[in-house]
């Protein structure tokens with residue numbers, strides 16, 4: 073068998089028969105470490121997808137999935153199986169991976185097994201071992217009542233289980249409905265004593281809840297923050313090294329005397345030069361050096377030696393060592409701490425719940441509230457703001473210009489417009505994004521568009537996923553959209569070529585695009601966007617407004633979204649290919665408010681922080697004089 077799908081059934085059988093549970097679980101976990109999603113190496117993830125497309129190799133994947141699935145079902149069903157709690161929490165991190173394998177070999181319906189396992193004639197609850205096994209077997213698409221399942225298991229099991237399911241990439245059908253039900257379960261985490269091993273589950277859940285189209289989805293973050301604070305205090309802050317760093321920072325600041333510029337720590341969760349965060353925030357952050365003594369604090373996974381040219385002061389830390397990052401921040405004794413985004417990494421969640429200095433600010437790189445009391449201000453473009461979306465925050469509204477960097481591929485391509493090729497008989501649409509942007513509401517509207525059109529609509533999903541999870545999603549999407557094309561992770565050049573082949577970009581909702589919209593506009597393609605209450609449902613509208621074409625492509629209801637699609641599609645069917653001039657759009661996006669002082673806006677917050685906090689208003693205009 074190919075090494076990627078290497079599974080030694082004889083070895084597994086020997087460990088199982090000898091009841092060597094520790095070795096058995098270690099072996100199983102090592103397999104999932106190798107193959108699962110972004111935990112796996114890039115080569116492994118791409119190779120899995122290539123093999124699945126090759127009929128001669130596809131059987132390897134199916135056989136591997138079937139063998140692994142059947143073995144797991146046998147182990148979970150065995151009354152004599154032993155699984156300590158830490159192993160359970162580790163396996164929960166691979167809950168989606170386990171069920172992806174089940175799905176590939178059509179074992180998804182585990183409801184009968186779970187019902188049987190949780191039924192006891194002698195007591196309200198079955199043994200802890202059975203509870204853990206049943207929760208690991210329960211599929212996110214279950215038709216069982218989630219609350220009833222939780223009542224039959226212990227809190228220390230069902231709460232981490234709820235986090236695991238909220239952290240799934242899947243957002244379709246029953247999976248989506250069950251996630252909304254699980255939000256109320258996950259809130260109970262703040263009453264749970266800190267447990268070693270479940271924070272990675274919380275981190276994934278924190279990130280993925282933002283993609284639900286549900287008004288109260290962010291409320292659960294209050295509970296996540298409470299747990300994070302308790303966990304961080306118990307596991308990290310109490311350590312002598314942290315207390316020493318706090319005192320050392322105070323000493324360092326005293327010895328330095330009055331600083332020429334306030335010291336800013338800039339903490340981006342992601343900042344590689346090929347990442348969207350760098351494209352969006354690189355230019356803005358370089359301007360900060362005018363007003364602040366800037367220290368870029370970055371994980372070893374994101375560090376690039378060339379960054380030294382832009383940021384002479386760089387602090388690199390081990391991404392798996394929160395204590396190391398915390399020590400470095402305290403020792404630097406910053407005057408201001410800026411997170412361009414919070415929620416994309418566990419480290420960001422931990423740090424955003426600690427008080428390091430008097431002024432702690434967040435940007436909207438991940439456009440959603442943190443609900444953290446340790447974030448003093450959220451800086452955003454005024455058109456992103458809605459009080460309902462930021463109920464716990466003090467928001468500073470600015471006129472920040474868009475600051476997108478034109479990728480070298482687009483720069484070389486120029487601003488050519490698709491040529492009129494005459495009437496068309498079908499429409500090619502593109503849907504771009506990570507798996508979790510494909511929510512149930514969006515897929516339902518897409519299905520209605522495809523079914524109701526009196527011409528052929530051919531969807532192409534350009535997704536960032538790879539590996540087994542991407543294969544399973546392909547199967548789900550193909551069942552719903554038989555004529556669709558599904559593309560996995562692509563290099564930027566190939567991604568642009570894929571966009572060029574499309575007629576219309578359909579933006580998924582509720583979580584919109586920013587860099588993807590910019591790319592779409594640079595190649596002259598029309599797009600359809602849905603405006604919403606949350607900031608992440610307004611990013612597209614803000615960009616399109618600056619470009620001067622908001623009224624052409626932004627909609628405000630599901631019905632209008634569909635209607636606008638058909639209006640644009642009809643024009644394309646009649647041969648229209650030009651909807652705007654890409655060069656003019658580029659000049660508007662990168663020429664508006666070029667004199668805007670972004671560093672000055674940040675400095676204004678820093679200078680007026682005490683006043684702003686005392687007034688306790690929900691929002692202020694940057695540079696406003698009305699703060700006395």
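Numbering (my numbering), first residue to last: 73 to 700. No residue lacks a Cβ here, since even glycine has one placed at the ideal position from N, Cα and C.
Cα-Cα separation, residue i to residue j
i	j	result
residue 444	residue 317	23 Å
residue 87	residue 93	7 Å
residue 303	residue 365	32 Å
residue 691	residue 467	4 Å
residue 218	residue 417	28 Å
residue 395	residue 625	47 Å
residue 484	residue 650	21 Å
residue 184	residue 408	55 Å
residue 576	residue 138	39 Å
residue 142	residue 189	17 Å
residue 335	residue 300	27 Å
residue 73	residue 118	Any reading at residue 73 must be qualified, since the residue scores a pLDDT of 44, below 50, and its modelled position is unreliable; the value itself is stated next. For residue 73 and residue 118, the distance between alpha carbons rounds to 18 Å.
residue 521	residue 537	25 Å
residue 439	residue 465	13 Å
residue 552	residue 696	52 Å
residue 428	residue 669	26 Å
residue 451	residue 424	15 Å
residue 286	residue 361	39 Å
residue 453	residue 310	38 Å
residue 386	residue 147	49 Å
residue 131	residue 248	30 Å
residue 461	residue 486	38 Å
residue 244	residue 412	30 Å
residue 122	residue 136	16 Å
residue 274	residue 158	15 Å
residue 257	residue 699	41 Å
CB-CB length for residue i against residue j, believed under 8 Å
i	j	result
residue 166	residue 104	4 Å
residue 718	residue 628	Residue 718 lies beyond the stretch modelled for the chain, which goes from 73 to 700, so this question has no answer here.
residue 397	residue 419	6 Å
residue 353	residue 437	6 Å
residue 534	residue 562	7 Å
residue 163	residue 200	Contact flag wrong, Cβ pair sits at about 14 Å.
residue 677	residue 449	6 Å
Residue i burial status per 10 Å Cβ neighbour count (16 or more: buried)
i	result
residue 331	exposed
residue 271	buried
residue 527	exposed
residue 276	buried
residue 127	exposed
residue 124	buried
residue 191	exposed
residue 283	buried
residue 432	buried
residue 709	In this structure the chain extends from 73 to 700, so residue 709 is not present and cannot be described.
residue 23	Not covered by the structure: residue 23. The range shown for the chain is 73 to 700.
residue 326	exposed
residue 384	exposed
residue 510	buried
residue 684	buried
residue 241	buried
residue 488	exposed
residue 207	buried
residue 224	buried
residue 606	buried
Min CB distance residue i to chain B below 7 Å
i	result
residue 309	Looking for chain B here will not work: only one protein chain is present.
Original post:
Touch check for the region 451–463 and the region 338–349: three-plus C-beta pairs under 8 Å?
Top reply: With a cut-off of 8 Å, the region 338–349 and the region 451–463 do not count as touching, because too few Cβ pairs lie within range.
Segment contact flag, the region 615–635 with the region 308–322, C-beta cutoff 8 Å, min 3 pairs = Short answer: they don't touch.
* **the region 287–306 in contact with the region 634–646 per 3-pair CB rule at 8 Å** => The region 287–306 vs the region 634–646: no contact.
Three Cβ pairs or more, each shorter than 8 Å: is that satisfied between the region 653–664 and the region 612–620? Contact holds: three or more Cβ-Cβ distances are below 8 Å.
- Segments of 4+ residues assigned as alpha helix (DSSP H) that fall wholly inside the region 428–503: Counting whole runs of 4 or more residues, the region 428–503 contains the alpha helix (DSSP H) stretches 480–485.
Looking at C-beta atoms only, is the number of pairs between the region 500–513 and the region 605–617 that lie closer than 8 Å three or more? No, the region 500–513 does not touch the region 605–617.
Evaluate contact between the region 220–240 and the region 262–270, counting only Cβ atoms and requiring at least three cross-stretch pairs below 8 Å. Contact between the region 220–240 and the region 262–270 is present: 3 or more CB-CB pairs across the two stretches fall below 8 Å.
> Which residue spans inside the region 100–187 form an unbroken alpha helix (DSSP H) run of at least 4?
Replying inline: The qualifying runs are 114–125, 127–149, 157–164, 167–176.
*asked:* Does the contact criterion of 3 or more C-beta pairs under 8 Å hold for the region 169–177 versus the region 193–212?
replied: Because the criterion of three Cβ pairs below 8 Å is met, the region 169–177 and the region 193–212 touch.
Whole beta strand (DSSP E) runs in the region 542–608 with 3 or more residues, listed along the chain?
Qualifying beta strand (DSSP E) stretches, in chain order: 557–559, 576–578, 599–602.
Problem - Uninterrupted alpha helix (DSSP H) stretches inside the region 190–241 (no shorter than 4 residues) - result: As for any alpha helix (DSSP H) of minimum length 4 sitting wholly inside the region 190–241, the runs are 200–209, 218–223, 227–238, ordered along the chain.
In chain order, what are the residue ranges of uninterrupted beta strand (DSSP E) at least 3 long that sit wholly in the region 277–355?
The region 277–355 contains these whole beta strand (DSSP E) runs: 335–338.
- Where are the beta strand (DSSP E) runs, 3 residues long or more, that stay fully inside the region 363–420, in chain order? Fully enclosed beta strand (DSSP E) runs of 3 or longer: 365–371, 386–389, 408–411.
Taking only runs that begin and end inside the region 606–635, name each unbroken alpha helix (DSSP H) of 4 or more residues, in chain order. Runs found: 611–619, 622–625.
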